[in-house]
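Student: Protein chains in written order, with our numbering: chain A, 9 to 265; chain B, 9 to 265; chain C, 1184 to 1607; chain D, 1184 to 1607.
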Amino acid sequence: MAEPLPKVGLMGHVIADYPSSAEVRRMIAVMAAEGVAVIEIQIPFSEPMADGPTFLAANHQALAQGVDYAASLLLLREAATAHPKVQFYLMTYVNVVYKRGWQRFAAEAKASGAVGVILPDLPFELAFAFDEACAASKFANVPLIPPNCAGARLDALCRRAPLSTDLIYAVARAGVTGAASAFGQNLAPFLRSIRERSPARLALGFGVKLPEHVKALRGLADFAVVGTAALEAHARGGLAAYTSFWRGLAAAAKAPA
Amino acid sequence: MAEPLPKVGLMGHVIADYPSSAEVRRMIAVMAAEGVAVIEIQIPFSEPMADGPTFLAANHQALAQGVDYAASLLLLREAATAHPKVQFYLMTYVNVVYKRGWQRFAAEAKASGAVGVILPDLPFELAFAFDEACAASKFANVPLIPPNCAGARLDALCRRAPLSTDLIYAVARAGVTGAASAFGQNLAPFLRSIRERSPARLALGFGVKLPEHVKALRGLADFAVVGTAALEAHARGGLAAYTSFWRGLAAAAKAPA
Amino acid sequence: MSILPLAPPAAPLLPDARGYFGAYGGAYVPEILVPNLLELVQAFDTARGDPAFWREYIQELATFSGRPTPITALPNLSKMLGGARILLKREDLGQTGAHKINNVIGQGILTRRFLKKPRLIAETGAGQHGVATATMAARYGFDATIYMGAEDVERQRPNVFWMERMGAKVVAVEDGARTLKDAINAALRDWATNVQDTHYVLGTVCGPHPFPAMVAWFQSVVGLEAAAQLAADGVKPSAVYACVGGGSNAIGIFQGFLAQNDVELVGVEAGGKGFGVGEHAARLAGGGGTPGIAQGYESLFLQNADGQMQETHSVAAGLDYVGVSPIIADLAQRGRIRAERASDLEVVEAVRLLMKHEGIIPALESSHALAAAIRAAPKLSPDKTLLVNLSGRGDKDIFTVAGALGDASWGRFLAKKAQEMQGG
Amino acid sequence: MSILPLAPPAAPLLPDARGYFGAYGGAYVPEILVPNLLELVQAFDTARGDPAFWREYIQELATFSGRPTPITALPNLSKMLGGARILLKREDLGQTGAHKINNVIGQGILTRRFLKKPRLIAETGAGQHGVATATMAARYGFDATIYMGAEDVERQRPNVFWMERMGAKVVAVEDGARTLKDAINAALRDWATNVQDTHYVLGTVCGPHPFPAMVAWFQSVVGLEAAAQLAADGVKPSAVYACVGGGSNAIGIFQGFLAQNDVELVGVEAGGKGFGVGEHAARLAGGGGTPGIAQGYESLFLQNADGQMQETHSVAAGLDYVGVSPIIADLAQRGRIRAERASDLEVVEAVRLLMKHEGIIPALESSHALAAAIRAAPKLSPDKTLLVNLSGRGDKDIFTVAGALGDASWGRFLAKKAQEMQGG
Ligand SMILES: Cc1ncc(COP(=O)(O)O)c(C=O)c1O
Ligand SMILES: Cc1ncc(COP(=O)(O)O)c(C=O)c1O
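1. Per DSSP, what kind of secondary structure is Leu130 of chain B in: helix, strand or coil?
2. Exposed or buried, which one is Asn194 of chain B when buried takes at least 16 other CB atoms within 10 Å?
3. Please specify which runs of the beta strand (DSSP E), each continuous and at least 3 residues long, are wholly inside the segment 1279-1324 of chain C, giving them in chain order.
4. Assuming contact is defined by CB atoms lying nearer than 8 Å, are Gly1390 of chain C and Gln1478 of chain C in contact in what I supplied?
5. Taking Glu86 of chain B as part of the alpha helix (DSSP H), name the residues at either end of that continuous run.
6. Can you pull the DSSP bridge partners for Thr1473 of chain C?
7. Mapping the DSSP letters down to three states, classify Phe96 of chain A as helix, strand or coil.
8. Suppose contacts are defined by Cβ-Cβ distances below 8 Å. Is Val1404 of chain D in contact with Leu1244 of chain D by that definition?
9. When every heavy atom of ligand 1 is checked, does at least one fall within less than 7 Å of the C-beta of His1496 of chain C?
10. Does the beta carbon of Glu1274 of chain C sit closer than 8 Å to a beta carbon anywhere in chain D?
11. Please determine whether the Cβ atom of Asn1342 of chain C lies at a distance below 7 Å from any heavy atom of ligand 1.
12. Could you check if Ser28 of chain B is buried or exposed, using at least 16 other CB atoms within 10 Å of its CB as the buried criterion?
13. Considering Cα atoms alone, identify which of A:Gln111, A:Asn103, A:Pro207 and A:Gly256 is closest to Val216 of chain A.
14. Quick check on Phe53 of chain B - is its C-beta less than 8 Å from some C-beta in chain D?
15. Just to check, is the beta-carbon of Val1534 of chain C closer than 7 Å to a non-hydrogen atom of ligand 1?
16. Within 8 Å of any Cβ in chain C, is that where the Cβ of Asn194 of chain A sits?
17. Three-state secondary structure (DSSP) at Met39 of chain B?
18. Given that a residue counts as buried once 16 or more other Cβ atoms are within 10 Å of its Cβ, and exposed if not, what is Gly1417 of chain C?
19. Is Arg1238 of chain C closer than 8 Å to Ile1254 of chain C when the C-beta atoms are compared?
20. Grouping DSSP H, G and I as helix and E and B as strand, with all else coil, what is Lys1272 of chain C?
21. For Gly1232 of chain C, is the classification buried or exposed, using 16 other Cβ atoms within 10 angstroms of its Cβ as the cut-off for buried?
22. Within the same chain, show all residues whose beta-carbon is closer than 6 Å to that of Ala88 of chain B, passing over the 5 residues directly before and after it, in chain order.
23. Find the residues of chain B that neighbour Gly1209 of chain D, judging by a C-beta separation of less than 7 Å, and give them in chain order.
24. Under 8 Å between C-beta atoms, does Gly1607 of chain D make it to chain B?
25. Give the straight-line distance between the Cα atoms of Gly227 of chain A and Leu210 of chain A, rounded to the nearest whole angstrom.
26. Could you give the distance in angstroms between the alpha-carbon of Ala1598 of chain C and the alpha-carbon of Thr1376 of chain D?
27. Quick check on His21 of chain A: does DSSP put it in helix, strand or coil?
28. For Ile1436 of chain D and Asn1572 of chain D, which I take to be in contact (beta-carbon distance under 8 Å), what is that distance rounded to the nearest angstrom?
29. Roughly how many angstroms lie between the CA atoms of Gly1607 of chain D and Val1530 of chain C, to the nearest whole one?
30. For Ala249 of chain B, which three-state DSSP category applies?
31. Give me the Cβ distance between His1551 of chain C and Asn1432 of chain C, rounded to the nearest whole Å; I'm assuming they're in contact under 8 Å.
32. Checking contacts by CB at 8 Å: is Met1184 of chain D closer than that to chain C?
33. In this structure, what does DSSP give as the bridge partners for Arg168 of chain A?
34. Whole angstroms are fine: how far does the CA of Asn1286 of chain C sit from the CA of Leu1189 of chain C?
35. Among all the DSSP beta bridges, which residues are the ones paired with His1382 of chain C?
36. What in chain A is Cβ-close to Pro1561 of chain C, meaning under 8 Å?
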């Protein structure tokens, strides 16, 4: 008789005030209700180089609607207050943080209810000042680790994690958000190589779209990160589709194998 | 009391079978009737480099209508027969002659009733073979002398004339047929400089358009050559206009001053 | 003495260990791209350490692109303007008609020798870098995909046509402002997706380290040549002018004169239609740019207080760029480069003057440098010399220039040709 | 050793006293033009006798037009084709993008130094000679009027645009076949009208003496350079290919190899669409041309038995010419030059191949020579070398090439631009 498969947590994602400031709040509420444990709130940026077409367009649309840094932090504050059981992270690009100032950003984000921030374009060699600011605010600068990271560089990235947080964001494949899934044979060894190097909680994103992807991560990662697929579900069928999308994933995350 | 002004002869011009083979014959008859003493018949050529827009278009139109060497000589033969008091010259470009063969052309043209030929693009240095052929056929290769010709070159051109004929064609101005008239102060000395060098009859062309031009040549030249202006009169008003055009010139050529 | 620089710059422009030139530079990319950049750093190091590499590079430029390019005096213009003499460095005479070919050939040889990847990607603004990359790819047998802002595809359609004929795939980028910066983002996304088999041939001295240093190294051929040519003629310029899009032609020619502190180096940016947001692309001149991190590097960007990039404008597609080379930003901060701007109108007038009085058809980009020199020359004494980098030829700009000058017969011609192509 | 030929050809191609090369040549013009021609003969004699003249000529080509132009190998094409190696002499890299600039600069200096006339006229086919003349006129301060067949104005509108921008007046010649020969007639008419103040800058090795000899002398720079370049590399070509419109680029490059009897010289004419009257412009190859006298000289022309010139056709505007240089006709008659033809289809394919596999955009004219070399190479052993004169670049041909290749997006683009220009 097989071991019962361990559960995997769900990690969701929204772009601040997208598609609108009211709807995004409803979407966060849906996720919270469906048991999503961690939510990233993306502060939109005009040059989202790690994002694929869906998020790219959403970033530009949000900016065109006037969403700014202040509105994004307001959303964070309200969501964190409304959903105390959910962990909130900010996600954005380094320029947004840089313009605010490393320390000020860390302090404001922390004060607004975020546990940390995910910055896809800030490699760790250049993060020294920001890491210091995070440490001062007890705020996390979550490392992103792609599958082509190995050897000494992987060591270094994993060693960094506990310094700032207990979460590592592993990237399932090359490329940008929203592209095809590629859960190959290498996924398990890749995740194991991180586990071996770090006690941090491990999230896996980029290409997690279907209940079977979520299921596949049980026992391998602590969180399955779902972004583009959820936003696309919302685009197709509004809040109803969004709700049932998350419900399906939630079932896959904890149902007996 | 002034001397009575000497008369000046008229020299006309047609393009073979242009505007049609019937009409050109009527035009020649008009000229003969109005007392034109000399008529040039131009064998059309595709590259009439010395002709201005009117004759250029007429050359191309004639060719397009199928006028060729044979048709041109037929016209010459018929005209010479019909108008025995008129002297006929051919006018064309050197390639037409060259393709026929120097000797053959001279012989055929002579036999068809021409006194000589006017070739604007055969400088005398390159005319040796043709001059020989002309001499053999007692056929004239009429020299064209422009106003910028002077010194030894003018001597040479004038010395050549009697060799082949008794006619020299003086060109009133730079440029091509049909352009504006330019009977300046230099015309008389220019014509005199030719007279001094040659006993040949002297025709003046290029820009002779109006009765006053013709009148101005009395005492200076033996023939006033009228080409484009006559063709333009025909184009404006057909044979009637053509007739009255020539009548006006003829009056100017011989009326008391 | 050969004018061709048979050895690379003695003191190449190199950043610190973090890829910084003073306060600017770095390599701000997703971690997935880090191995590619490290590999590129290594290849660039190897190339710099191997004299045969530079020789092959120069040899290829000589036989394929006709280097050295000459320096041409402008006697008529100088007479009209009075004051300082203006000389042009003629990058417009190179293969594909712009300085872009230098960098591209360099990266081509580097890819063939060290990276051994079969596929190339590139961004392009005016299309010149795209054409140069397509050219090199055809010649060296690489697959090539060129990202080009959709607006630039419109402005520079002839270049698109030629790129495709040379076998490159041209992707019109419809995101954002649909110009150069968006093409760079798109290329970076492609690179992040195709890390294994693809090299990104970045076209200017921007982007993540080692691109600024590497592109500057390749483009140094322009400055080394120009310095040798002027020295051979016993001429010392009082100033060197270059337009600044990303900054590669500027950094290229400046490198011949950096060490001569009495030679002023002037970078000319797109003054566009005015000083308002979205009316120009002057990041340095007029202080429009503020520090920021985007497109993989830290530098001065035209952005709002939140760090969102702003719209830009220039009559020249190749200058219509939101950021500027970290090397240029650093040299400007240190006072070694002076930044100026030239307006669209001044530029079209400079094009007109050069065509009319010297028979040279300059690129709209390069004409920014010329316009600034034309402004400066009359105020200087006749024994002074201004060297202008004529970074490219203007044939590509026929649609823009004909439009700006309102040439009616050109309009009729286009209508007729369009009809023929639809009918046929 | 300098590649730039610092001395003129040791044995220039000169005609006999009547201006004849063997059976061809002469000066068949209206008497009004004779003084101008005599003056030109004298100026040309003076120039030949004065080493400083040639040095000024070469110096100007070096600094204004980027001479020497390189020789480029085509590794990919050679690999695909097998057989002999093909090398290109890169006249496409010169100022204005074709060999035409050489002759024009030469005549410009001659006019400035000796003739001292303020006005220039020129004929042009592809527009390249017109652009070169307009360029030189702008640079040397001459007034310029360019005659261009109305059909060529249509085919090469971008060149018309640039000529006008450089201050030249472009006259569309509506007579006859509306191509090059008619433009020459029109220029001769203008010259006969404006004898005093005008020099006729004839663009090829045709027309009345001394034009063939003089233009050949100026264009010899191409061949002298190429011979020195190959000699420096220890290469001896087995054949040299050049397209033949009037014949200037051919005579230019051939002069480097005329004395080497084991180097075959191949002139490639426009095979067009076939062998029928009006379908091609092959005067030598296939025996289409017969002896005649037109356009000021005796040579072989495409004409009927009466001596009327016939229609011609070529995809390349610059080869669509009814006559051929007396020098070429003579060398062909003496067996020193072999004439071949390349069809429109072969030519478009050669363009495609060179773009796709070597990243070079050749002029349709030059691609005739390339097409013939491509035909020949596979049959020869790999130790043989064929040198092809790439007389010009193909940017100007975008309308023709896009049409021939049926590029739909180009068609849409034109429609849009035409609309913009009408609206704006
Ligand atoms: C001719 C020309 N000059 C200048 C530039 C601007 O680029 P950079 O500043 O990198 O030289 C471009 C860019 O496309 C260009 O085509
Ligand atoms: C690029 C190019 N090659 C060749 C020719 C043909 O002229 P030629 O035979 O005198 O070289 C032309 C004429 O316009 C041309 O533009």
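Ideal Cβ placement from N, Cα and C applies to all residues, glycine included. Given the structure is predicted, the values throughout are model-derived calculations rather than measurements.
Tutor: In short, the structure shows the following:
1. Residue 130 of chain B sits at position 122 when you count from the first residue of the second sequence. DSSP places Leu130 of chain B in coil when its eight states are reduced to three.
2. Residue 194 of chain B sits at position 186 when you count from the first residue of the second sequence. Around the C-beta of Asn194 of chain B, fewer than 16 other C-beta atoms lie within 10 Å, and the residue is accordingly described as exposed.
3. 1302-1307
4. Residue mapping note: residue 1390 of chain C aligns to position 207 of the third sequence, counting from 1. Residue mapping note: residue 1478 of chain C aligns to position 295 of the third sequence, counting from 1. Taking the C-beta atoms as reference points, Gln1478 of chain C is found nearer than 8 Å to Gly1390 of chain C.
5. Here the question's residue 86 of chain B lines up with position 78 in the second sequence. First-last of the alpha helix (DSSP H) with Glu86 of chain B: Tyr77 to Ala90.
6. Within the third sequence, numbered from 1, the residue matching residue 1473 of chain C stands at position 290. Answer by DSSP bridge pairing, in chain order: C:Phe1484.
7. For the purposes of this step, residue 96 of chain A is identified with residue 88 of the first sequence, where counting begins at 1. Three-state result, Phe96 of chain A: strand.
8. To locate residue 1404 of chain D, count along the fourth sequence from 1; it is residue 221. To locate residue 1244 of chain D, count along the fourth sequence from 1; it is residue 61. A contact, by the Cβ cut-off of 8 Å.
9. Counting from one through the third sequence, the residue named residue 1496 of chain C turns up at place 313. Not so, every heavy atom of ligand 1 lies at least 7 Å from the Cβ.
10. Indexing the third sequence from 1 puts residue 1274 of chain C at position 91. By this cut-off, Glu1274 of chain C is not an interface position.
11. In the third sequence, residue 1342 of chain C corresponds to position 159, counting from 1. Incorrect: Asn1342 of chain C has no Cβ contact closer than 7 Å to ligand 1.
12. For the purposes of this step, residue 28 of chain B is taken as residue 20 along the second sequence, with counting starting at 1. Burial call: exposed.
13. As a position in the first sequence, residue 216 of chain A is number 208, starting the count at 1. Checking every option, the nearest Cα to that of Val216 of chain A belongs to A:Gly256.
14. Counted from its first residue, the second sequence places residue 53 of chain B at position 45. Yes, because at least one Cβ of chain D sits closer than 8 Å to the Cβ of Phe53 of chain B.
15. What you label residue 1534 of chain C is simply residue 351 of the third sequence in a count that begins at 1. The answer is no for Val1534 of chain C.
16. Here residue 194 of chain A is taken as the residue at index 186 of the first sequence, counted from 1. Not an interface residue.
17. Taking the first residue of the second sequence as position 1, residue 39 of chain B is located at position 31. Helix at Met39 of chain B.
18. Here residue 1417 of chain C corresponds to residue number 234 of the third sequence, with the count starting at 1. Under this definition Gly1417 of chain C is an exposed residue.
19. Looking up residue 1254 of chain C in the third sequence gives position 71. Looking up residue 1238 of chain C in the third sequence gives position 55. For Ile1254 of chain C and Arg1238 of chain C, no; Cβs fall outside 8 Å.
20. Residue mapping note: residue 1272 of chain C aligns to position 89 of the third sequence, counting from 1. Lys1272 of chain C: strand per DSSP, three-state reduction.
21. Here residue 1232 of chain C corresponds to residue number 49 of the third sequence, with the count starting at 1. Answer is exposed; the Cβ neighbour count stays below 16.
22. Here residue 88 of chain B corresponds to residue number 80 of the second sequence, with the count starting at 1. Excluding positions up to five away in sequence, the list reads Phe96 and Gly121.
23. Here residue 1209 of chain D refers to the residue found at position 26 when the fourth sequence is read from its first residue. At a C-beta separation below 7 Å, Gly1209 of chain D has these neighbours in chain B: Leu134.
24. In the fourth sequence, the residue the question calls residue 1607 of chain D occupies position 424. Confidence at Gly1607 of chain D is low in this model, with a pLDDT of 46, below 50, so the placement of that residue should be treated as unreliable; the coordinate-derived value is given next. Closer than 8 Å: no.
25. Numbered from 1 along the first sequence, position 219 holds the residue referred to as residue 227 of chain A. Numbered from 1 along the first sequence, position 202 holds the residue referred to as residue 210 of chain A. Spanning the two alpha carbons is a distance of roughly 11 Å.
26. On the third sequence, position 415 is the one that residue 1598 of chain C refers to. On the fourth sequence, position 193 is the one that residue 1376 of chain D refers to. Put simply, the backbone Cα of Ala1598 of chain C is about 36 Å away from that of Thr1376 of chain D.
27. Within the first sequence, residue 21 of chain A is the residue found at index 13, counting from 1. Note: His21 of chain A maps to strand in three-state DSSP.
28. The residue given as residue 1436 of chain D occupies position 253 in the fourth sequence. The residue given as residue 1572 of chain D occupies position 389 in the fourth sequence. That belief holds up - the Cβ atoms of Ile1436 of chain D and Asn1572 of chain D are roughly 4 Å apart, short of 8 Å.
29. Here residue 1607 of chain D corresponds to residue number 424 of the fourth sequence, with the count starting at 1. Here residue 1530 of chain C corresponds to residue number 347 of the third sequence, with the count starting at 1. Since pLDDT at Gly1607 of chain D reaches only 46, below the 50 mark, its modelled position is unreliable, and the value read off the structure follows with that caveat. About 20 Å.
30. Here residue 249 of chain B refers to the residue found at position 241 of the second sequence. In the structure shown, Ala249 of chain B sits in a helix (DSSP, three-state: H, G or I).
31. Here the question's residue 1551 of chain C lines up with position 368 in the third sequence. Here the question's residue 1432 of chain C lines up with position 249 in the third sequence. A Cβ-Cβ separation of about 11 Å leaves His1551 of chain C out of contact with Asn1432 of chain C under the 8 Å criterion.
32. Residue 1184 of chain D sits at position 1 when you count from the first residue of the fourth sequence. Low local confidence applies: a pLDDT of 44 at Met1184 of chain D is under 50, so the model's placement there is unreliable, with the coordinate-based value given in what follows. Met1184 of chain D does not count as touching chain C.
33. As a first step, residue 168 of chain A is located in the first sequence; it is residue number 160 there, counting from the start. Per DSSP, none; premise fails for Arg168 of chain A.
34. Against the third sequence, residue 1189 of chain C aligns to sequence position 6. Against the third sequence, residue 1286 of chain C aligns to sequence position 103. One C-alpha to the other measures close to 16 Å.
35. Taking the first residue of the third sequence as position 1, residue 1382 of chain C is located at position 199. According to DSSP, His1382 of chain C bridges with C:Leu1303.
36. Within the third sequence, residue 1561 of chain C is the residue found at index 378, counting from 1. Those do not exist, as Pro1561 of chain C stays about 41 Å from chain A at its closest Cβ, beyond 8 Å.
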